[in-house]
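Protein chains in written order, with the numbering used here: chain A, 1 to 185; chain B, 1 to 393; chain C, 1 to 175. Glycine included, C-beta positions come from ideal geometry on N, C-alpha and C. Shown next, in structure tokens, is the structure this report addresses.
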Amino acid sequence: MYFDYANVLVFLAVGIGFVFFNMALGALVRPSLPTPEQKTPYECGEDPIGDAWVNFDIRYYTVALVYIVFGVEIAFLFPWAVVLKSAFADGRIGGMAFVEGVLFVGVLFLGLAYVWAKGDLDWVKSYSAKAYRPSPTPTPGFRAFPDPAAAPPVVTGPPAAVESSTRPAAPVGAGAAPSHGTPRS
Amino acid sequence: MGLLPAPLLAATLLGAPLLVAGGQQGNFVTDLVAKLSPVEIPWPLLVLIGALLGSGFFLLLVFITPYAMLAIWAERKVGGHIQCRIGPKRVGPFGLLQSIADAIKLLVKEDTIPAGADKLLFVFAPALVLASAIAMFAAVPFAPDVWFTDLNLGVFFIVAISSLTTIGVIMAGWSSANKWSLYGAMRMAASVISYEVPLGISLLVPVLVSGTFSLREAALAQEGWGGAAWYLFRDPFVLPAFLLFYTASLAETKRAPFDLPEAESELVAGFHTEYSGMRFSFFFLEEYAAMFVVSAIGALYFLGGWAFPGLTPLVEHLFGRGWIFNAVAIGVFSAKALFLVFVMMWLRWTLPRIRIDQVMTLGYKYLTPLSLACLLGAAAWELYVVPLFGGGG
Amino acid sequence: MGLLEHRLDENVLTTRIDWLINWARLSSIWPMTFGLACCAIEMMAVGAAHHDMDRFGAGAFRATPRQADLMIVAGTVNFKMAERVKRLYEQMPSPKYVIAMGACATGGGPYYKYGYNVVKGVDRVVPVDVYVAGCPPRPEALLEGLMKLQDKIRRSAVLRKPGLPEGALFVPAPS
Ligand code: SF4
């Protein structure tokens, strides 16, 4: 058994050595004409903006947390799976081992279901109408759009015409809806 | 200064066999060396020679490099034909020398390291990635008597080592000081760790059926005149487990449709955006090596290993289990694994890339529960249904 | 600069190694995914089914300049873009090659007289190896340009000192 692990160590060493050997071999011939421009990080031909080591999205962290649970689960299930059949066949364990396995998986599945229901498995967390409630306290200066207090917009012409790109000219004069963006009052 | 730890590491790793090697059971390389050498070689030295020869010569030069070159050529050829093109054809007969030309070109191409990069990690990332690929290969048996290491952890070891690749990729992405690389590396981390769950669980099904971690013993158990002993046909839960395993392994090896870490249309080249020349080619080599390893696991655990209905039993019947049988076994096993590799290429050129949220959804919401169900189903089948037919082993 | 690059005299060994390296370089010219204007459509046609640049081993379009060997300047280079073209060229690792594809990249093309915003030829920004004429050039013309570039690579010195007589054995007969 030690033979096997020693073997693997040598394989790792040879793998690392192979890389450096090849790099050294290439260094005999390969040109090296570095310029300051060449050393800048590639950002589609633009000058790089800011540091590359940016703060990262929390979602990746959530995924890692969920993984830890399951990674440990697999590590525990592996020995169970290996001995289950032979131990059952020669009567060392009974059906209870299977039931325990089911329970173990069941508990973890419960965890998965919880995470699922909490929406942490969704990569894009959409704020559905149910989840999103605007704050009851209005922010100073906040005006809902379209403004319920303002007069309803006057639309001239058939609705189909509004849909198309040929919009009717905005009505001028009294009763006109406030134009987008620039509040009149 | 960046290279200083390398010789130290190598010395430690190479010295380890001399210190720990116990037991007297070697593999085919040590047997070969012992047989050929005129003088008696002491055992620890034999281990070292065997491992060096096995990894450096047999595995790296005789197997991985030619295979990877052939696979890269095949990838371009398959892709060409799928897109109604011809693919490489001018460089050597049928373009067969294309990969060799690519390799030499990459070898003599300038090696760029960005100014802001973390040089140590940048230099070591490809080495780590390649080393993990080779260590994965070490645990794959090619025939009943042709194997480098027969770890008692077997497939567990391969799954564990394959995560080392992820670490290498994250090192590469982080150290490049490039936003594209960082995005690619983070995506790699996210997708690989989510797919390791279904991958591991679906692998538990054949582990449970065979009752061993050792790929070699599992393959030995599937020999027989027909294909009926293949685990794929054993019970209704192994086939879905195989499909789940294959899907998850596509994500593990960063292949399309899960190739988000190097998605060209979004992330330039993902984690290897800043890698040029030979360093980049090691990532390439690793990708193809990993493809072969997961395909080999699929072939050994699900598709009967080196057993082929009518062929291998016939050879065994005629010639016994000598070197002829082993040679045929290598052929059959490689054919099965290469077929699975071919299917991976086929999928890559056929399917569009899926979005990251779809990747996550597929991994956690579909593959994981399904593989858990497969595992429990297979366990119940093995315990309660197989005895009904009088089977037990 | 490599340890041996351009250091050795001409002899059988160096010419052979040069031949091998040049063969590798010319058989695997990976272009950069990079198009500026209408000519880029023709460049895509070269990569697609009918013309298939991959036959020459040049079909592996790389998205990042770090892994590319060839920059096909396919289209109109205006002053704003010229800066980026230059930077992308600088970011490619040597040996790197440039093909100026079409009249615009060669010398301003249709915008030569009144195009106040157009660089009159990309060779004012980056060194160009091969010019391909046409507006736009036919895909065959770009393939011809690629083969001309291969001829140029075939004649270059790698280990040999530059300026020595080229290994006459390896220069292709003019077609
Ligand atoms: S040369 Fe002609 S086809 Fe090409 S970019 Fe200029 S205008 Fe367009």
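Val69 (chain A), buried or exposed, once every other Cβ within 10 Å from all chains shown has been counted against 16: Start at 1 with the first residue of the first sequence, and residue 69 (chain A) comes out as number 69. Its Cβ having fewer than 16 others within 10 Å, Val69 (chain A) is exposed.
N- and C-terminal bounds of the alpha helix (DSSP H) containing Leu103 (chain A): The residue you call residue 103 (chain A) lines up with position 103 of the first sequence. It spans Gly95 to Lys118 - the alpha helix (DSSP H) in which Leu103 (chain A) sits, taken as one unbroken run.
Range of the contiguous alpha helix (DSSP H) that encloses Tyr131 (chain C): Locating residue 131 (chain C) in the third sequence gives position 131, counting from the first residue. No alpha helix (DSSP H) contains Tyr131 (chain C), which is instead part of the beta strand (DSSP E) from Val130 to Val132.
Chain C contacts made by the segment 24–36 of chain A, where a contact means CB separation under 7 angstroms: So the list reads Ala27, Leu28, Val29, Arg30, Pro31, Ser32, Leu33 and Thr35, given in the order they occur along the chain.
Per-residue contacts from Phe104 (chain A) into chain B (C-beta, under 8 angstroms): In the first sequence, residue 104 (chain A) corresponds to position 104, counting from 1. The premise fails here: Phe104 (chain A) is roughly 10 angstroms from chain B at the closest Cβ pair, so nothing lies under 8 angstroms.
Continuous beta strand (DSSP E) stretch holding Ala100 (chain C): start and end: Within the third sequence, residue 100 (chain C) is the residue found at index 100, counting from 1. Tyr97 to Met101 is the span of the beta strand (DSSP E), which, as asked, contains Ala100 (chain C).
Proximity test, Cys44 (chain A) beta-carbon vs the ligand SF4 heavy atom, cut-off 7 angstroms: Within the first sequence, residue 44 (chain A) is the residue found at index 44, counting from 1. Flag unset: Cβ of Cys44 (chain A) not near the ligand SF4.
Burial state of Val92 (chain A) (16 or more Cβ within 10 Å): Start at 1 with the first residue of the first sequence, and residue 92 (chain A) comes out as number 92. Just to set this straight, residue 92 (chain A) is Arg in the shown sequence, not Val. Exposed is the call here.
Where Pro88 (chain B) meets chain C, residues with beta-carbon distance less than 7 angstroms: As a position in the second sequence, residue 88 (chain B) is number 88, starting the count at 1. Simply Asp54, Arg55 and Gly57.
Three or more C-beta pairs below 8 angstroms linking the segment 254–263 of chain B and the segment 212–221 of chain B: no
Minimum Cβ-Cβ distance from Tyr67 (chain A) to chain C less than 8 angstroms: Residue mapping note: residue 67 (chain A) aligns to position 67 of the first sequence, counting from 1. So no, Tyr67 (chain A) is outside the interface.
Beta-carbon proximity list for Val98 (chain C), same chain, < 6 angstroms, skipping 5 on both sides: The residue given as residue 98 (chain C) occupies position 98 in the third sequence. Excluding positions up to five away in sequence, the list reads Met71, Val126, Val128 and Asp129.
Trp80 (chain A) burial status per 10 Å Cβ neighbour count (16 or more: buried): Residue numbering aside, residue 80 (chain A) sits at position 80 when the first sequence is read from its first letter. Flag for Trp80 (chain A) reads buried.
Cβ contact (3+ pairs, closer than 8 angstroms) linking the segment 130–147 of chain B and the segment 202–209 of chain B: no
For Arg30 (chain A), three-class secondary structure by DSSP: Against the first sequence, residue 30 (chain A) aligns to sequence position 30. Arg30 (chain A) falls in the coil class under three-state DSSP.
Any chain A beta carbon closer than 8 angstroms to Glu5 (chain C): Within the third sequence, the letter at position 5 stands for residue 5 (chain C). For Glu5 (chain C), the answer is yes, since a Cβ of chain A falls inside 8 angstroms of its Cβ.
Contact set between Cys374 (chain B) and chain C, taken where Cβ atoms lie within less than 8 angstroms: One-based indexing of the second sequence puts residue 374 (chain B) at position 374. The contacting residues do not exist; Cys374 (chain B) stays about 38 angstroms from chain C at best.
Candidates A:Val14, A:Arg59 and A:Val99: closest to Arg187 (chain B) by CA position: Taking the first residue of the second sequence as 1, we reach residue 187 (chain B) at position 187. Comparing Cα-Cα distances from Arg187 (chain B) to each of A:Val14, A:Arg59 and A:Val99, the minimum goes to A:Arg59.
Ile72 (chain C) in three-state terms, based on DSSP: The residue you call residue 72 (chain C) lines up with position 72 of the third sequence. Strand.
First and last residue of the uninterrupted alpha helix (DSSP H) at Arg87 (chain C): Against the third sequence, residue 87 (chain C) aligns to sequence position 87. Phe79 to Gln91 is the extent of the alpha helix (DSSP H) around Arg87 (chain C).
Residues, ordered as in the chain, of the segment 267–298 of chain B that lie near chain C by beta-carbon distance below 7 angstroms: Val268, Ala269, Thr273, Glu274, Tyr275, Ser276, Gly277 and Phe280
Continuous alpha helix (DSSP H) stretch holding Gly79 (chain B): start and end: On the second sequence, position 79 is the one that residue 79 (chain B) refers to. Going by DSSP, Gly79 (chain B) is part of the alpha helix (DSSP H) stretching over Thr65 to Ile82.
Contact residues within the segment 74–96 of chain C, judged by C-beta distance below 7 angstroms to chain A: Arg84, Arg87, Leu88, Glu90, Gln91, Ser94 and Pro95
Beta carbon proximity, Phe156 (chain B) to chain A, threshold 8 angstroms: The residue you call residue 156 (chain B) lines up with position 156 of the second sequence. Yes, contact with chain A.
Residue from C:Ala68, C:Gly115, C:Tyr111 and C:Gly109 with nearest C-alpha to Phe34 (chain C): The residue labelled residue 34 (chain C) in the question sits at position 34 within the third sequence. That would be C:Ala68, whose Cα lies nearest to the Cα of Phe34 (chain C).
Contacting residues, own chain, Cβ-Cβ under 8 angstroms from Lys148 (chain C) (five flanking each side not counted): Your numbering for residue 148 (chain C) matches position 148 in the third sequence. Only Val130 meet the Cβ criterion.
Interface residues of chain A facing Val98 (chain C) [CB-CB closer than 7 angstroms]: Taking the first residue of the third sequence as position 1, residue 98 (chain C) is located at position 98. Neighbours of Val98 (chain C) in chain A, taken as residues at a C-beta separation under 7 angstroms, are lacking, since the least C-beta distance is about 15 angstroms.
8 angstroms Cβ cutoff met for Glu252 (chain B) and Leu300 (chain B): Counting from 1 along the second sequence, the entry for residue 252 (chain B) is found at position 252. Counting from 1 along the second sequence, the entry for residue 300 (chain B) is found at position 300. No.
Coil, strand or helix - Pro31 (chain C) by DSSP: In the third sequence, counting from the first residue as 1, residue 31 (chain C) sits at position 31. The answer is strand: DSSP assigns Pro31 (chain C) an E or B state.
Ile21 (chain C) at chain B interface by Cβ criterion, 8 angstroms: Here the question's residue 21 (chain C) lines up with position 21 in the third sequence. Answer yes: the Cβ-Cβ gap between Ile21 (chain C) and chain B drops below 8 angstroms somewhere.
Assigned secondary structure, Arg279 (chain B) (DSSP; H/G/I helix, E/B strand, else coil): Your numbering for residue 279 (chain B) matches position 279 in the second sequence. DSSP places Arg279 (chain B) in helix when its eight states are reduced to three.
Rounded distance between the beta-carbons of Glu382 (chain B) and Val155 (chain B), thought under 8 angstroms: Translated into positions along the second sequence, residue 155 (chain B) becomes position 155. Translated into positions along the second sequence, residue 382 (chain B) becomes position 382. Their Cβ separation, rounded to whole angstroms, is 18 angstroms, which puts Val155 (chain B) and Glu382 (chain B) out of contact at 8 angstroms.
Anticipated Cβ contact below 8 angstroms, Ile356 (chain B) with Trp123 (chain A), distance rounded: As a working mapping, residue 356 (chain B) is identified with position 356 in the second sequence. As a working mapping, residue 123 (chain A) is identified with position 123 in the first sequence. Contact flag correct, Cβ pair sits at about 6 angstroms.
Backbone CA spacing between Asn7 (chain A) and Trp23 (chain C) [nearest angstrom]: Mapped onto the first sequence, residue 7 (chain A) falls at position 7. Mapped onto the third sequence, residue 23 (chain C) falls at position 23. Rounded to whole angstroms, Asn7 (chain A) to Trp23 (chain C) spans 38 angstroms at the Cα level.
Span separating the alpha-carbon of Ala269 (chain B) from that of Leu97 (chain B): The residue labelled residue 269 (chain B) in the question sits at position 269 within the second sequence. The residue labelled residue 97 (chain B) in the question sits at position 97 within the second sequence. Each residue's Cα considered, the two are about 25 angstroms apart.
Gly109 (chain C) beta carbon near the ligand SF4 (any heavy atom closer than 7 angstroms): Looking up residue 109 (chain C) in the third sequence gives position 109. For the ligand SF4, at least one heavy atom lies less than 7 angstroms from the Cβ of Gly109 (chain C).
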